[in-house]
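All residue numbers for the sequence shown refer to our numbering, where the first residue is 509 and numbers rise by one.
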Amino acid sequence: MASSFRASKWDPILIIAQITSLQSLCYILYSVILYIALTLTGTDVSLDLIFNDKEIRTDTGFGWSLIIVWVVNACLSIPILMLIVQRAKQILDYVLTFHFFHLLYVWKISRHFPTSTSWWILQVVNIVIMTFGGEWACMHREMKPIMITSGSKNKNVTTQSSASSSSNTVNIPEDEEGLLSKKLKRKASDVAPKEAEDDQGALLAAVGKAKKALMSTSGRSKRTTRKYDVIPMKDMDQEHE
Numbered sequence: 509m510a511s512s513f514r515a516s517k518w519d520p521i522l523i524i525a526q527i528t529s530l531q532s533l534c535y536i537l538y539s540v541i542l543y544i545a546l547t548l549t550g551t552d553v554s555l556d557l558i559f560n561d562k563e564i565r566t567d568t569g570f571g572w573s574l575i576i577v578w579v580v581n582a583c584l585s586i587p588i589l590m591l592i593v594q595r596a597k598q599i600l601d602y603v604l605t606f607h608f609f610h611l612l613y614v615w616k617i618s619r620h621f622p623t624s625t626s627w628w629i630l631q632v633v634n635i636v637i638m639t640f641g642g643e644w645a646c647m648h649r650e651m652k653p654i655m656i657t658s659g660s661k662n663k664n665v666t667t668q669s670s671a672s673s674s675s676n677t678v679n680i681p682e683d684e685e686g687l688l689s690k691k692l693k694r695k696a697s698d699v700a701p702k703e704a705e706d707d708q709g710a711l712l713a714a715v716g717k718a719k720k721a722l723m724s725t726s727g728r729s730k731r732t733t734r735k736y737d738v739i740p741m742k743d744m745d746q747e748h749e
């Protein structure tokens, strides 16, 4: 079973439900184990065996049997803590809460505050077993790998796309690849001189146009100078006469 995330916000309803379920399941489990032990010993079932501190004794065999039942119940409550609490750092809080309510129930049902030393020692042993066992179980659960379905779907999509792209590609032999590369090189080499020739042709055309313009302007200037420089001799003779 893979680990999962859970919101860590303050939720009183959830906390109350967890405390109630933990208290109920632990008492049910203890009742089942106690019923099995009492059927083997032939003793009648009574609430005093659960909520009376005077029954927990170390000078009788029956008192030791109750102590063993409580220790077994603490060990079997570890999976319940792991399923309900699910966080190692909160195990101690829930275990102490369970034993606090158990103290109140014992005080109310037996009508006196528990003063038996063996009862208090048993409660401390149960707290230690449930706390360390529950924390270990929760830490072991949290260290398991987390399964993310969306990531696997993306991986499947990428693998399918890569497979389709690989299927669409055409395998070209090495000889054909060499011929294609040579043809491309030849085309590139043919295109380069053509471009150079076009550039040279454009330059020559521009130079020719410039020469024609210069020649035309020089011709015009020569004509105008000839008109003003050459004076007919007839006009000169008439002026002298």
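Note that beta-carbon positions come from the ideal geometry of N, C-alpha and C, so glycine has one too.
Just so we're clear, the structure is a prediction, and the values are computed from it rather than from any experiment.
CA nearest to the CA of Thr547, picked from Ile586, Ser573 and Leu630: As a position in the sequence shown, residue 547 is number 39, starting the count at 1. Closest option to Thr547, Cα to Cα, is Ser573.
By a C-beta neighbour count over all protein chains shown, 10 Å radius and 16 as the cutoff for buried, is Tyr543 buried or exposed? In the sequence shown, residue 543 corresponds to position 35, counting from 1. When all chains shown are included, Tyr543 counts as exposed.
Is the beta carbon of Phe570 less than 8 Å from the beta carbon of Ile617? If you number the sequence shown from 1, residue 570 lands on position 62. If you number the sequence shown from 1, residue 617 lands on position 109. For Phe570 and Ile617, no; Cβs fall outside 8 Å.
Just checking my contact of Val603 with Ile635 at CB under 8 Å: how many whole Å lie between their CB atoms? In the sequence shown, residue 603 corresponds to position 95, counting from 1. In the sequence shown, residue 635 corresponds to position 127, counting from 1. With a Cβ gap of about 6 Å, Val603 and Ile635 count as contacting.
Output needed for Leu555: all residues of its chain with C-beta closer than 7 Å, excluding positions within five of it in sequence on either side, in chain order. Walking along the sequence shown from the start, residue 555 turns up at place 47. Excluding positions up to five away in sequence, the list reads Ile617.
Is it buried or exposed, Gly561, if we count other Cβ atoms within 10 angstroms and call 16 or more buried? Stepping through the sequence shown from its first residue, residue 561 is reached at position 53. According to the sequence provided, residue 561 is Asp. The question's Gly does not apply to it. Buried.
Could you pull out every unbroken beta strand (DSSP E) segment of at least 3 residues lying fully inside the region 575-621, listed in chain order? none
Cβ distance (whole Å) where Val593 is taken to contact Gly642 below 8 Å: Counting from one through the sequence shown, the residue named residue 593 turns up at place 85. Counting from one through the sequence shown, the residue named residue 642 turns up at place 134. Confirmed, Cβ separation roughly 7 Å.
Can you confirm whether Met638, when its beta carbon is compared against all beta carbons of chain D, has any partner nearer than 8 Å? Given the protein chain composition of this structure (a single chain), no chain D is represented.
In whole angstroms, what is the alpha-carbon distance linking Arg734 and Lys719? Counting from one through the sequence shown, the residue named residue 734 turns up at place 226. Counting from one through the sequence shown, the residue named residue 719 turns up at place 211. In this prediction, Arg734 scores a pLDDT of 48, lower than 50, which makes its location untrustworthy; the coordinate-derived value is nonetheless stated afterwards. C-alpha separation (whole angstroms): 22 Å.
Candidates Leu557, Thr528 and Asp519: which alpha carbon is nearest Thr605's? Here residue 605 corresponds to residue number 97 of the sequence shown, with the count starting at 1. When only C-alpha atoms are compared, the closest one is Thr528.
Could you tell me if Ala525 is buried or exposed, where buried requires 16 or more neighbouring beta carbons within 10 angstroms of its beta carbon? Within the sequence shown, the letter at position 17 stands for residue 525. So Ala525 ends up on the exposed side.
Hey, how far is the Cα of Tyr613 from the Cα of Thr625? Along the sequence shown, read from residue 1 onward, the residue named residue 613 stands at position 105. Along the sequence shown, read from residue 1 onward, the residue named residue 625 stands at position 117. The straight-line gap from Cα to Cα measures roughly 18 Å.
Can you tell me whether DSSP reads Met651 as helix, strand or coil? Looking up residue 651 in the sequence shown gives position 143. Reduced to three states, the DSSP call for Met651 is coil.
Would you mind reading off the limits of the alpha helix (DSSP H) that contains Leu522? Mapped onto the sequence shown, residue 522 falls at position 14. That run of the alpha helix (DSSP H) goes Pro520 to Thr549.
Beta-carbon separation of Ile599 and Cys646 under 8 Å? Counting from one through the sequence shown, the residue named residue 599 turns up at place 91. Counting from one through the sequence shown, the residue named residue 646 turns up at place 138. In this structure, Cys646 lies closer than 8 Å to Ile599 by Cβ.
Within the same chain, show all residues whose beta-carbon is closer than 7 Å to that of Trp807, passing over the 5 residues directly before and after it, in chain order. Lying before the first or after the last residue shown, residue 807 is absent from the chain, which here runs from 509 to 749.
Roughly how many angstroms lie between the CA atoms of Pro587 and Leu530, to the nearest whole one? Here residue 587 corresponds to residue number 79 of the sequence shown, with the count starting at 1. Here residue 530 corresponds to residue number 22 of the sequence shown, with the count starting at 1. Between Pro587 and Leu530, the C-alpha separation is close to 11 Å.
Compute the distance between the beta-carbons of Met638 and Leu589, then report whether it is under 8 Å. Position 130 of the sequence shown, counting from 1, holds the residue named residue 638. Position 81 of the sequence shown, counting from 1, holds the residue named residue 589. Result yes, Cβ atoms of Met638 and Leu589 sit closer than 8 Å.
Buried or exposed: which applies to Val577, given that a residue is buried once 16 or more other Cβ atoms fall within 10 Å of its Cβ? If you number the sequence shown from 1, residue 577 lands on position 69. Buried, by the Cβ-count rule.
Own chain residues within Cβ distance below 7 Å of Asp567, not counting five before or after: The residue labelled residue 567 in the question sits at position 59 within the sequence shown. Nothing listed; no residue qualifies.
Determine whether the beta carbon atoms of Asn581 and Ile541 lie at a separation below 8 Å. Translated into positions along the sequence shown, residue 581 becomes position 73. Translated into positions along the sequence shown, residue 541 becomes position 33. Against a cut-off of 8 Å, the Cβ pair of Ile541 and Asn581 comes out as a contact.
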